[in-house]
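S.K.: The structure under discussion is supplied below as C-alpha cells; questions concerning it will follow.
In this note's numbering, the protein residues as written are 282 to 582.
Structural data, given as C-alpha cells:
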C-alpha cells in the first residue's frame, strides 16, 4: 500500500514504537527463559564489573570456609584422640596408686608391668591416629607414622623425644584474608612425652621390683596436666575454626544475595510485563492498520 503523505510521520512513529516494544519483549522472553538479567557480562553494562568482583569474593570466601571446615574436622579428631589418651592415663594412674602401700607385692608389680606394656602399645596406636591421608600428631607434613616406640629405651628421669617421626611445624589453614589458623598437636609435646616416659619406664622395668612408684605417679600427674593443657589448646583452635566457618558463611550469603540482585530477574514479574507489552503491541498494530487504511475520500463522500 502506498503511504499517504499526511499519515507518513504518524505511521513511522507508531511503527518505530512497535518495533521497540518487540525488541524489549525479545529480551524479556530470554530473561524469562533463563532467569538471568543477561546471559553474558556485556548485557549487564556497568553492573558487569560489580558482578565479577562479587563472584570472585564469593569464591574466595568459599575457599576460606572449606579450609576452616577441613581444619575443624582434623581438630575434632585430635581432641578425641587426646581424650582417649587422658582416659588411658587416668586408668594407669589408678593402677599405680593401687600397687602402692599394702598392695605392693611382686605379683602386683608384675601385673602393673603387664598393664604398662599394653598401655604403651595403645598409647603408641593413639599417637599414630590417621585422619584421612595424614597422621594427626605428625606435624605439618603428616606423612607416615608420628611415633616409633619400638626401639626406644625409656628412662623415668630423662626427657627423650627420639621416638617422634613427624615434622617440627604445626598445621596451618588460611581461614580469612588476614587470618591463618595454626592448629594440631605434635607427638613430641611435653605432656605426651611425659606420658610415654612414665608408662614406658614401667613397661621396660623387667619384673618391676626396682620401680619407684611414687616417681612414676608424679610423672603421670604431670603428663595428665600436660595433656589437659593440650586439650585446652585444641579447644581454642576448634572455636577459632567454628567462628571462621560462621563468618565465611555469612559473607557468602551477603555476596550471593548481592550477586542475585545483579544477575537474576523476577520471572513472575517478567511474565506480567510481557503480558502487558503483548497487549500494548496488539493495540499498536491495530491502530497502525487502521491509520494505514484511512483516506481523505472517506470524508468527502
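We put the CB at the ideal spot given by N, CA and C, even for glycine.
Using the C-alpha atoms, what's the distance from residue 492 back to residue 379?
M.R.: Looking at the two C-alpha atoms, the distance is approximately 14 Å.
S.K.: Where do the N-terminal and C-terminal ends of the beta strand (DSSP E) with residue 446 fall, by residue?
M.R.: Looking at the DSSP string, residue 446 is not in any beta strand (DSSP E), and its letter there is neither H nor E.
S.K.: Could you pull the DSSP bridge partners for residue 463 from this structure?
M.R.: BP columns for residue 463 point to 453.
S.K.: If distances are taken between C-alpha atoms only, which option among 397, 337 and 328 comes closest to residue 533?
M.R.: When only C-alpha atoms are compared, the closest one is 337.
S.K.: Going by CA-CA distance only, name the one from 335, 494, 383 and 514 that's closest to residue 537.
M.R.: Ranking the options by Cα distance to residue 537, first place goes to 335.
S.K.: Going along the chain, which residues of its own chain have a beta-carbon closer than 7 Å to the beta-carbon of residue 409, five neighbours each way excluded?
M.R.: Closer than 7 Å at Cβ, skipping near neighbours: 416, 426, 427 and 428.
S.K.: Apart from the five residues just before and just after residue 400, which ones in its own chain have a Cβ nearer than 8 Å to its Cβ?
M.R.: Taken in chain order, the residues that qualify are 369, 372, 373, 480 and 484.
S.K.: Residue 464 and residue 396: beta carbons closer than 9 Å?
M.R.: In this structure, residue 396 does not lie closer than 9 Å to residue 464 by Cβ.
S.K.: Since residue 366 contacts residue 515 with CB under 8 Å, what's their CB separation in whole angstroms?
M.R.: 12 Å between Cβ atoms; not a contact.
S.K.: Quick one, which of 531, 504, 554 and 540 has its alpha-carbon nearest residue 345's?
M.R.: Of the listed residues, the one whose Cα sits closest to residue 345 is 531.
S.K.: When the Cα of residue 513 is compared with those of 363, 477 and 347, which residue comes out closest?
M.R.: The residue with the shortest Cα to Cα distance from residue 513 is 363.
S.K.: Where DSSP assigns a beta bridge to residue 411, which residues make up the other side?
M.R.: DSSP output for residue 411 lists 416 as bridge partner(s).
S.K.: How would you call residue 402, buried or exposed, if buried means at least 16 neighbouring beta carbons within 10 angstroms?
M.R.: By the 10 Å Cβ count, residue 402 comes out exposed.
S.K.: If you compare alpha carbons, which of 486, 500 and 392 is closest to residue 474?
M.R.: Minimum Cα distance to residue 474 is reached at 500.
S.K.: How should residue 446 be labelled, buried or exposed, when 16 other C-beta atoms within 10 angstroms of its C-beta is the threshold for buried?
M.R.: Classification of residue 446: buried, given that the 10 Å Cβ count is 16 or more.
S.K.: Could you give the first and the last residue of the continuous alpha helix (DSSP H) run that contains residue 351?
M.R.: Taken as a continuous stretch (DSSP letters only), the alpha helix (DSSP H) holding residue 351 covers 328-380.
S.K.: Comparing C-alpha positions only, which one of 453, 455 and 449 sits nearest to residue 468?
M.R.: With distances taken between Cα atoms, residue 468 lies closest to 449.
S.K.: Exposed or buried, what is residue 381 when buried is set at 16 or more other beta-carbons lying within 10 Å of its beta-carbon?
M.R.: That one is exposed.
S.K.: Residues in the same chain with beta-carbon distance under 7 Å from residue 339, minus the five sequence neighbours each way, listed in chain order, please.
M.R.: The answer, listed in chain order, is 533, 536, 537 and 540.
S.K.: May I ask you to list the residues that DSSP assigns as paired with residue 428?
M.R.: 445, per the DSSP bridge assignment.
S.K.: What residues in its chain sit with their C-beta under 8 Å from that of residue 487, if we drop five residues either side in the sequence?
M.R.: These residues qualify, in order along the chain: 394.
S.K.: With respect to the alpha helix (DSSP H) encompassing residue 437, which residues constitute its N-terminal and C-terminal limits?
M.R.: Segment: none, residue 437 is in no alpha helix (DSSP H) and carries neither H nor E.
S.K.: For a test of the three-state rule: what should DSSP assign to residue 501, helix, strand or coil?
M.R.: The answer is helix: DSSP assigns residue 501 an H, G or I state.
S.K.: Once DSSP output is grouped into helix, strand and coil, what is the label at residue 423?
M.R.: Coil, per DSSP.
S.K.: Using DSSP with H/G/I as helix, E/B as strand and the rest coil, what is residue 386?
M.R.: The answer is coil: DSSP assigns residue 386 none of H, G, I, E or B.
S.K.: Please list the terminal residues of the continuous alpha helix (DSSP H) segment that includes residue 470.
M.R.: Here residue 470 belongs to no alpha helix (DSSP H), and DSSP marks it neither H nor E.
S.K.: Within its chain, find whatever has a CB closer than 7 Å to the CB of residue 359; leave out the 5 residues flanking it on each side and keep chain order.
M.R.: Cβ neighbours of residue 359 beyond the five flanking positions: 417, 465, 466 and 515.
S.K.: Under 6 Å Cβ to Cβ from residue 389, same chain only, skipping five residues before and after it: list those, please.
M.R.: Same-chain partners within the cutoff: 380.
S.K.: Compare the beta carbon distance of residue 476 and residue 438 with 9 Å and say whether it is the shorter of the two.
M.R.: Taking 9 Å as the Cβ cut-off, residue 476 and residue 438 do not qualify as a contacting pair.
S.K.: Could you compute how far the alpha carbon of residue 384 sits from the alpha carbon of residue 398?
M.R.: When rounded, the distance between both Cα atoms is 20 Å.
S.K.: Helix, strand or coil, according to DSSP, for residue 531 in the structure here?
M.R.: Note: residue 531 maps to helix in three-state DSSP.
S.K.: Return helix, strand or coil for residue 403, following the three-state DSSP convention.
M.R.: Note: residue 403 maps to helix in three-state DSSP.
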